[in-house]
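Participant: Here the sequence shown is numbered in this note's numbering, starting from 84 and rising by one per residue.
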Amino acid sequence: MNSSAEPSPLLRVLDRGRWAPSGDNMQVWRFEVMGPHALRVHGFDTRSHCVYDLDGHPSQISLGALLETLALAASEMGWSLEEARRLPESPEEKPVFELRFDPDAACPPDPLARAIETRCVQRRPFRTRPLNDGEKRAMEAAVGAGYSLLWLEGAATRWRTAKLLFHSAKLRLTLPEAYEVHRDVIEWGTRFSKDRIPDAALGANPATVALMRQVMKSWGRVQLMNRFFAGTWAPRIELDLLPGLGCAAHFVLLADRPAADIDDYVAAGRAMQRLWLSATTLGLQFQPEVTPLVFARYAREKRVFSSVTSCLPRAQRVKERLEDLIGQDALARAVFMGRVGEGDVPTARSLRKDLAELMHKP
Ligand SMILES: Cc1cc2nc3c(=O)[nH]c(=O)nc-3n(C[C@H](O)[C@H](O)[C@H](O)COP(=O)(O)O)c2cc1C
């Protein structure tokens, strides 16, 4: 690393890149500087301990978001990202990317770069004012060639989407493997978290958060609540149904052809990040809704993803609901899903690890 007081331009690019989003704020990347304009990104996925990432695809989307953010941050210096190559010999669970920037490109700063640090997930309900044509066209243009957006709009469609999320959340809240993920990624009693999700950013009111904090102390308590106190109802209404209704639209990011491998998911992550930054630039709030897609994929691949024996038939029902909503062809090409709309800027958010902590340690 540069030892002078002023960080090198490349370190400034990396510092901005840190703000890329990742599932559960896992920051699945480490950086290795290879020269003044060259670096390696050492990626990893969380398949060993995250039930939502068993195929690594959510982490691969996050890595794509990182690459796009680095390219945008570099554009602010007039640099272009000349090459972003995955080393074919690197394992899929720990992919390594080699990036080379052209400092003489004199390219104009990409306007999306301005939103790198303000882009942020909002999990609370938004306003229902429909998106106007200008907003839709801007987001459709942002995803770029090879991708398109399917909009799920209007009160009746939002209601169907909200119900899908409500059902998918029941599966989420009754799996011990998902409980372990949620327990580990929530930082309690705070509005900001460097390496997790602060409880104040979950989107629940303070009483629900206090209850969740007590119940989530053990899986036994969660099971007791679920069994005798309809424990999944309150969080599902507050965190899935109401936000599902409270938005301008849900969207599905579609690839022109079904994503088949890690490179396809990384490319999809780049498109997703441009979409999210475009929404931020338009002053819109945004929340990913990825778990129904994950469960639908598990159902399609017949992947047993939990010790709970009913997990597959229940995932199959999520898949059928999603198919009813968007159609078979779209589901096969869907790489990301979420909701968007006008709303309040969050007052709590995930921060990021310091750059020094994100440097690769062989
Ligand atoms: C691939 C991916 C999947 C995500 N899935 C969800 C999700 O299903 N629900 C949700 O509320 N947030 C989801 N997020 C948002 C992350 O939790 C969020 O980006 C991260 O905690 C960092 O916070 P920030 O975006 O506010 O900086 C996802 C993000 C990514 C990149």
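Note that CB positions come from ideal geometry on N, CA and C, so glycine has one too.
Predicted, not measured: the structure shown is a model, and the values here were computed from it.
(1) State the Cα-Cα distance for the pair Glu115 and Pro90, rounded to the nearest angstrom.
(2) List in chain order the residues whose CB is within less than 6 Å of at least one heavy atom of ligand 1.
(3) Would you call the segment 196 to 209 in contact with the segment 135 to 142, where contact means no fewer than 3 C-beta pairs closer than 8 Å?
(4) What are the start and end residues of the alpha helix (DSSP H) that includes Val96?
(5) Starting from the Cα of Ala238, find the closest Cα among Val377, His443, Ala382, Leu325 and give me that residue.
(6) Would you mind listing the alpha helix (DSSP H) stretches within the segment 101 to 168 that are 4+ residues and don't spill past its ends, in chain order?
(7) Would you report the Cα separation of Cys330 and Gln399, rounded to the nearest angstrom?
(8) Rounded to whole angstroms, what is the Cα-Cα separation between Val418 and Val377?
(9) For Ala156 and Met308, what's the separation of their Cα atoms in angstroms?
(10) Skipping 5 residues on each side, what residues in its chain have a beta carbon closer than 7 Å to that of Arg113?
(11) With a threshold of 16 other CB atoms inside 10 Å of the CB of Leu247, please say whether the residue is buried or exposed.
(12) Where are the alpha helix (DSSP H) runs, 4 residues long or more, that stay fully inside the segment 380 to 434, in chain order?
(13) Residues bridged to Glu440 by DSSP?
(14) Could you check the C-alpha separation between Pro341 and Arg380 for me, to the nearest Å?
(15) Quick one, are the C-beta atoms of Trp234 and Ala332 less than 7 Å apart?
(16) What residues match up with Val335 in a beta bridge as DSSP calls it?
(17) Ordered along the chain, which non-local residues of its own chain (more than five positions away) have a Cβ less than 7 Å from that of Asn85?
(18) Give, in chain order, every unbroken run of the alpha helix (DSSP H) that is at least 4 residues long and sits entirely within the segment 299 to 367.
Facilitator: Reading off the structure:
(1) Reading the sequence shown from its first residue, position 32 is the one you call residue 115. Reading the sequence shown from its first residue, position 7 is the one you call residue 90. When rounded, the distance between both Cα atoms is 15 Å.
(2) Pro104, Ser105, Gly106, Asp107, Asn108, Pro141, Ile144, Ser145, Ala148, Cys203, Val204, Arg206, Ile280, Gln370, Pro371, Glu372, Val373, Thr374, Arg432, Ser433
(3) no
(4) Here the question's residue 96 lines up with position 13 in the sequence shown. Residues 92 to 100.
(5) Counted from its first residue, the sequence shown places residue 238 at position 155. For the residues Val377, His443, Ala382, Leu325, the minimum Cα distance to Ala238 belongs to Leu325.
(6) 140 to 158
(7) Within the sequence shown, the letter at position 247 stands for residue 330. Within the sequence shown, the letter at position 316 stands for residue 399. Between Cys330 and Gln399, the C-alpha separation is close to 26 Å.
(8) Stepping through the sequence shown from its first residue, residue 418 is reached at position 335. Stepping through the sequence shown from its first residue, residue 377 is reached at position 294. In a straight line, the C-alpha of Val418 is about 10 Å away from that of Val377.
(9) In the sequence shown, residue 156 corresponds to position 73, counting from 1. In the sequence shown, residue 308 corresponds to position 225, counting from 1. Going by the C-alpha atoms only, they are around 46 Å apart.
(10) The residue labelled residue 113 in the question sits at position 30 within the sequence shown. Same-chain partners within the cutoff: His125, Leu441, Met442, His443.
(11) Taking the first residue of the sequence shown as 1, we reach residue 247 at position 164. The residue is buried, with at least 16 neighbouring Cβ atoms inside 10 Å.
(12) 394 to 409, 411 to 416
(13) Within the sequence shown, the letter at position 357 stands for residue 440. Answer is none; Glu440 lacks a bridge partner.
(14) For the purposes of this step, residue 341 is taken as residue 258 along the sequence shown, with counting starting at 1. For the purposes of this step, residue 380 is taken as residue 297 along the sequence shown, with counting starting at 1. Between Pro341 and Arg380, the C-alpha separation is close to 12 Å.
(15) In the sequence shown, counting from the first residue as 1, residue 234 sits at position 151. In the sequence shown, counting from the first residue as 1, residue 332 sits at position 249. Against a cut-off of 7 Å, the Cβ pair of Ala332 and Trp234 comes out as a contact.
(16) By 1-based counting over the sequence shown, the position of residue 335 is 252. Partner(s): Leu233, Met420.
(17) The residue labelled residue 85 in the question sits at position 2 within the sequence shown. At Asn85 the pLDDT is 46, less than 50, meaning the model places this residue with poor confidence and gives no usable figure here.
(18) 302 to 311, 316 to 319, 325 to 328, 345 to 364
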